[in-house]
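Report on one structure; see the data block that follows.
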Amino acid sequence: MGDGVRKQTRPTCQTYVWLWALVSMLSWEQTGWGQSDAFSDDEGTAFIDQYCVDCHQPPKPKGKLDLTLYTTVDQIVEDALDWDSHLNRVRDEDMPPDDDDVTQPTMKERMAFVDWMQQTLSNAACSDGIQPGPPMVRRLNQGEYSASVRALLDIHFDAGEALPNEGAGGEGFDNAAETLFISPIHAEKYLDAARSAVKYAFADTRSSQRFLIAIPDENTTPPEAARKILEEFLPRAFRRQASPDEISEYLDLFEQAYAEEKAFGPAMQVTLSAVLISPKFLFIIESPTGSAEPIPLDDFELATRLSYFLWGAPPDDTLMQVAAEGTLQEPETLKSQVMRMLKDPHARKVRNFAQTFVEQWLGTRALGREFKPDKSIKGYDSELEGGMKYEPVFFFHEILTENRPLLDLIDADYTYINRRLSRHYKVKGEFREQPKRVDIENDPHRGGLLSMAAILAVSSHPH
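Residue numbers in the sequence shown follow the working numbering, run continuously in steps of one, and reach 463 at the last position.
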């Protein structure tokens with residue numbers, strides 16, 4: 001975990017493989033490309049010495065780049081990020097510079113050097129393995145917080161509604177750790193949200209039965225009942241097993257509240273509200289390794305990553321049980337859990353993920369915000385907007401849950417439309433407000449994301 005900042009790491013093997021393939025395709029028709037054999041290591045370092053070192057050596061190396069420091073392959077791959085940039089300049093014929101007093105390599109030599117350097121960097125990245133970087137502590141975003149409180153207390157209550165709206169990070173998604181900071185206004189709002197959610201749950205008999213698994217009676221003292229509740233509640237809240245010290249900490253808080261409130265219910269509300277503002281609930285925390293070497297996640301950490309990825313919500317009881325048994329890392333067990341989660345019988349959790357992902361990935365969240373119904377756009381109204389927004393969501397949901405080929409994203413013979421969108425598309429049939437799967441194999445103008453109204457709208461000028 002370190003200082004909480006993602007450290008710069010070398011490009012991965014996959015990055016080099018894709019870049020290499022892309023460069024090869026783009027440059028295939030350029031003169032001289034595809035007609036060279038890569039240098040050996042000795043020939044590659046000799047190329048640097050012959051064509052590059054004259055300008056890049058002490059006492060005043062150009063660009064402050066001293067190439068006399070790189071006489072072996074090991075020294076080159078140690079600074080792979082820099083050499084990836086140098087390679088581009090050689091390939092683009094920016095280097096060596098086109099000066100009268102600078103000896104230029106032949107095109108065959110240049111391409112042989114480029115091929116050698118690409119192979120060298122790619123081989124180093126692959127042999128070095130994936131560099132994941134240190135895990136970052138990430139706060140639950142607004143949607144994840146709502147889903148977590150809802151699952152924990154078993155309530156139909158949007159606890160995240162009163163929280164400040166989140167902005168998307170540089171990647172365009174609102175779960176980027178570096179953007180999910182917490183401010184004083186966040187802290188105040190989280191406290192209010194926690195109190196409101198717990199109060200709502202205690203007032204709902206059906207919900208309170210989910211977590212009030214013990215109450216004081218002639219055989220059970222208030223602290224004993226509170227301990228039983230906390231022993232069940234804390235592991236679900238923290239998404240892992242709770243330590244005896246953690247249970248004792250919240251039991252002490254209960255006893256203080258009970259001494260003041262003189263009643264079990266109000267004291268328990270104070271205690272559970274405190275759990276909901278704990279960093280162990282609000283943040284996804286993975287244990288620091290204390291080592292520079294990457295190590296596997298433990299089963300609870302894997303379960304948490306998996307559930308917030310596919311559901312945008314905490315692990316359910318089944319996933320927590322598998323994690324507690326220590327078998328989630330087993331390939332067959334992991335596969336079966338993923339398939340179970342994708343086949344969520346209510347479809348709500350996976351569809352929520354599909355909606356969140358699609359709206360941010362494709363920018364369709366802008367519909368109704370930056371892109372609003374306008375009388376100047378014939379037929380565009382809020383009803384049509386709803387159908388447009390749901391078409392790519394239901395479409396992506398099928399690809400995800402039915403393991404459809406990714407080529408469907410750009411060329412599919414089906415889509416999902418509702419009554420209003422069917423009129424817009426001039427598709428005949430019986431439709432309702434809920435989008436319905438329709439075959440479009442005979443329509444040459446439709447198929448895949450690029451033909452969907454929502455995508456066309458948000459990508460149109462000036463949007």
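Glycine included, C-beta positions come from ideal geometry on N, C-alpha and C.
### Message
Please classify Gly-63 as buried or exposed, where buried requires at least 16 neighbouring CB atoms within 10 angstroms.
### Response
Exposed is the label assigned to Gly-63, since fewer than 16 other Cβ atoms lie within 10 Å of its Cβ.
### Task
Over the uninterrupted alpha helix (DSSP H) stretch that includes Val-275, give me the two end residues.
Segment 264–276, the alpha helix (DSSP H) holding Val-275.
#### Entry: Three-state secondary structure assigned by DSSP to Lys-436
Lys-436 falls in the strand class under three-state DSSP.
### Message
Let me make sure I understand the geometry here. Which of Thr-103, Ser-127, Ser-148 has the alpha-carbon closest to that of Ala-313?
### Response
Selected option, being the one with the closest Cα: Ser-148.
### Query
What is the DSSP secondary structure of Tyr-414, reduced to helix, strand or coil?
In this structure, Tyr-414 counts as strand in the three-state DSSP scheme.
### Residues of its chain near Asp-66, where Cβ-Cβ distance is below 7 Å and the 5 sequence neighbours each way are ignored
Only His-56, Gln-57, Pro-58 meet the Cβ criterion.
### Task
With 8 Å as the threshold, decide whether the Cβ of Glu-398 is near any Cβ in chain B.
Looking at the structure shown, chain B is missing, and only one protein chain is on hand.
### Message
Using only the alpha-carbon positions, how far apart do Lys-389 and Asn-418 sit?
### Response
Straight-line measurement puts the Cα of Asn-418 at about 11 Å from the Cα of Lys-389.
### Task
Look at the alpha carbon of Gln-355 and the alpha carbon of Pro-444, and state the distance between them as a whole number of angstroms.
Between the C-alpha atoms of Gln-355 and Pro-444 there is a straight-line separation of about 27 Å.
### Task
Taking 8 Å as the threshold, find out whether the region 155–169 comes into contact with the region 113–120 through three or more Cβ pairs.
No: the two stretches stay apart, fewer than three of their Cβ pairs being nearer than 8 Å.
### Query
Can you check whether the CB of Leu-251 is closer than 8 Å to the CB of Ala-274?
Judged by their CB atoms, Ala-274 and Leu-251 are not nearer to each other than the 8 Å cut-off.
### Task
Please name the residue or residues paired with Arg-138 in a DSSP beta bridge.
In DSSP, Arg-138 forms a bridge with Ile-284.
### Query
Under the three-state reduction of DSSP, which class applies to Leu-367: helix, strand or coil?
The answer is strand: DSSP assigns Leu-367 an E or B state.
### Query
Going by the CB atoms, is the gap between Glu-109 and Phe-181 shorter than 8 Å?
No, the Cβ-Cβ distance between Phe-181 and Glu-109 is not below 8 Å.
#### Entry: Under 8 Å between C-beta atoms of Pro-288 and Gln-329
Against a cut-off of 8 Å, the Cβ pair of Gln-329 and Pro-288 comes out as no contact.
### Rounded straight-line distance, which links the Cα of Ala-38 to that of Gly-32
Because Gly-32 carries a pLDDT of 40, less than 50, the predicted location of this residue cannot be relied on, and the following value inherits that uncertainty. C-alpha separation (whole angstroms): 13 Å.
### Query
Which residues in the same chain as Phe-173 place their Cβ atom closer than 7 Å to its Cβ, once the five residues preceding and following it in sequence are excluded?
The answer, listed in chain order, is Gln-360.
#### Entry: When Asp-82, Trp-83, Pro-96, Val-77 are compared against Cys-126, the one with the closest alpha-carbon
Comparing Cα-Cα distances from Cys-126 to each of Asp-82, Trp-83, Pro-96, Val-77, the minimum goes to Val-77.
### Query
If we count the other Cβ atoms within 10 Å of its Cβ and call it buried at 16 or more, is Met-339 buried or exposed?
It is exposed - the Cβ of Met-339 has fewer than 16 other Cβ atoms within 10 Å.
#### Entry: Boundaries (first-last residue) of the alpha helix (DSSP H) holding Tyr-70
Here Tyr-70 belongs to no alpha helix (DSSP H), and DSSP marks it neither H nor E.
### Query
Along the chain, where does the alpha helix (DSSP H) that runs through Ala-197 open and close?
Ala-197 -> alpha helix (DSSP H) spans 184–203.
### Message
Using the Cβ count rule (16 or more neighbours within 10 Å means buried), how would you classify Pro-97?
### Response
Under this definition Pro-97 is an exposed residue.
### Three-state secondary structure (DSSP) of Thr-103
Thr-103 sits in coil when the DSSP states are folded into three classes, being neither helix nor strand.
### Query
Once you ignore the five residues that flank Val-73 on each side, which residues in its own chain have a CB closer than 7 Å to its CB?
Non-local beta-carbon contacts of Val-73 in its own chain, meaning distances under 7 Å to residues more than five positions away in sequence, involve Asp-41, Thr-120 in chain order.
### Task
Kindly indicate which residue of Arg-150, Glu-43, Phe-281, Val-137 has the alpha-carbon position closest to the one of Thr-71.
Selected option, being the one with the closest Cα: Glu-43.
### Message
Is it buried or exposed, Met-25, if we count other Cβ atoms within 10 angstroms and call 16 or more buried?
### Response
Because the pLDDT of Met-25 is 44, which lies under 50, any placement of that residue in the model is unreliable, and the number read from its coordinates should be weighed accordingly. So Met-25 counts as exposed.
### Task
Give me the Cα-Cα distance between Arg-446 and Asp-413, rounded to the nearest whole angstrom.
Distance between the alpha carbons of Arg-446 and Asp-413 is about 8 Å.
### Query
So, helix, strand or coil for Thr-220, using DSSP?
Look at Thr-220 here: in three-state DSSP terms it is strand.
#### Entry: C-alpha distance - Gly-34 paired with Asp-92, whole-angstrom precision
Annotation note: pLDDT 40 at Gly-34 (below 50); position unreliable, coordinate value reported separately. Between the C-alpha atoms of Gly-34 and Asp-92 there is a straight-line separation of about 15 Å.
### Task
Take Ser-243 and list the residues in its own chain whose beta-carbon comes closer than 8 Å to its own, dropping the five residues that flank it on each side.
Here the set comprises nothing.
### Message
To test your reading of the DSSP string, which unbroken alpha helix (DSSP H) runs of 4 or more residues are found completely within the region 289–346?
### Response
Counting only runs of 4 or more, we get 299–310, 317–325, 331–342.
### Query
Excluding five sequence neighbours on each side, which residues of the same chain lie with their C-beta closer than 8 Å to the C-beta of Ile-285?
Here the set comprises Val-137, Pro-279.
### Message
Is it buried or exposed, Pro-345, if we count other Cβ atoms within 10 angstroms and call 16 or more buried?
### Response
Exposed is the call here.
### Task
May I have the straight-line CA-CA distance separating Leu-334 from Thr-45, to the nearest angstrom?
Approximately 46 Å between the Cα atoms of the pair.
### Query
Whose C-alpha, out of Leu-421, Leu-282, His-397, is nearest the C-alpha of Met-141?
According to the sequence shown, residue 141 is Asn rather than Met. Measuring from the Cα of Asn-141, the nearest candidate turns out to be Leu-282.
### Task
Could you pull the start and end residues of the alpha helix (DSSP H) that Tyr-380 belongs to?
Secondary structure note for Tyr-380: it is in no alpha helix (DSSP H), with a DSSP letter that is neither H nor E.
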